[in-house]
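Sequential numbering of the sequence shown, starting at 137, is according to the working numbering. Each residue gets a CB set at the ideal place from its N, CA and C atoms; glycine is no exception.
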Amino acid sequence: MKIKSNELIEDIKIIEFDIHKDNRGQFSRIFCQKEFEEVGIFKPIVQMNHSFTKTKGSVRGMHYQLPPTMESKYVRCISGEVFDVVIDLRRDSKTFLKWTSIHLKEDQGLMVYIPEGFAHGFQTLTDNAELIYLHSEYYEPKAERGIHHLDPLVNIKWPLEITDVSERDFDMQKIDNNFKGLEI
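Next comes the structure, spelled out in structure tokens:
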């Protein structure tokens, strides 16, 4: 397993699995607490989620939770392909309100680690895309927040025409000048 920093936002980690292939298929270890602790990215996992998105071009996000239930996430694509996006919402960060993307696809052997203080979302690049998420905090509806996927201040460059967004995500607020970020 190799763990490296994202080029634009170094606290976002790209985890590359060692894939062992043979005539039966392949095997890879996708989670190792010891290795994650060694590079300072381990938080206990309390919840695992799965999303299935039918239509290419669909957007989910941009979601985050407020303190005290801010969460770290590990995100992996298990079917199809996605344009995975994170926005830095940490108040004192040098990359505050910057975004970065990671192209994730099935059988690629990559997973993304997203620490506390980031909004997360994605656009499907294929039909029938599935993601697995490991979370360090339980889902807390009262702490749930989001940023509109077309917020002009963030200005995410989605690679495809947006074909579908949930009503909840469409109704997310755009950032106003009073937003000072999240205190970590």
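(message) Just to confirm the assignment, what range does the alpha helix (DSSP H) spanning phenylalanine 306 have?
(response) Phenylalanine 306: member of the alpha helix (DSSP H) spanning 303 to 306, first to last residue.
(message) Taking the straight line between their C-alpha atoms, what separation do you get for glutamate 242 and leucine 267?
(response) Put simply, the backbone Cα of glutamate 242 is about 9 Å away from that of leucine 267.
(request) Below 7 Å CB to CB, which residues in the same chain sit around serine 215 once its five sequence neighbours on both sides are set aside? (result) Cβ neighbours of serine 215 beyond the five flanking positions: Glu242, Asn264, Ala265, Glu266.
(message) By the three-class DSSP mapping on this structure, what secondary structure does phenylalanine 315 have?
(response) It is coil, neither helix nor strand.
(request) Along the beta strand (DSSP E) that carries glutamine 169, what are the first and last residues, could you check? (result) Annotation for glutamine 169: no beta strand (DSSP E) segment contains it, though the alpha helix (DSSP H) segment containing it runs 169 to 174.
(message) Only counting the same chain, and skipping five residues up and downstream in sequence, which positions put a Cβ closer than 6 Å to that of threonine 205?
(response) Glu273, Glu276, Ala279, listed in sequence order.
(message) Counting only C-beta atoms, is valine 195 closer than 8 Å to chain C at any point?
(response) The structure shown has no chain C; it contains just one protein chain.
(request) Kindly confirm or deny that the segment 219 to 228 and the segment 169 to 183 touch, where touching means at least three C-beta pairs closer than 8 Å. (result) The segment 169 to 183 and the segment 219 to 228 do not touch, with fewer than three beta-carbon pairs separated by less than 8 Å.
(request) State whether the segment 190 to 199 contacts the segment 278 to 294, with contact taken as three or more CB pairs (one from each stretch) at a distance under 8 Å. (result) Touching, yes, given that three or more Cβ pairs across the two stretches are closer than 8 Å.
(request) Use the C-beta contact count for arginine 160: other C-beta atoms within 10 angstroms, 16 or more gives buried, fewer gives exposed. (result) Under this definition arginine 160 is an exposed residue.
(message) By the three-class DSSP mapping on this structure, what secondary structure does lysine 329 have?
(response) The shown model of the chain, from 137 to 320, leaves out residue 329, and the question about it has no answer.
(message) For glutamine 169, count the other beta carbons within 10 Å of its own beta carbon; 16 or more makes it buried, fewer makes it exposed. Which is it?
(response) The residue in question, glutamine 169, is exposed, as its Cβ has fewer than 16 Cβ neighbours within 10 Å.
(message) Let me make sure I understand the geometry here. Which of Val218, Glu319, Val248 has the alpha-carbon closest to that of isoleucine 148?
(response) When each option's Cα is compared against that of isoleucine 148, the closest is Val248.
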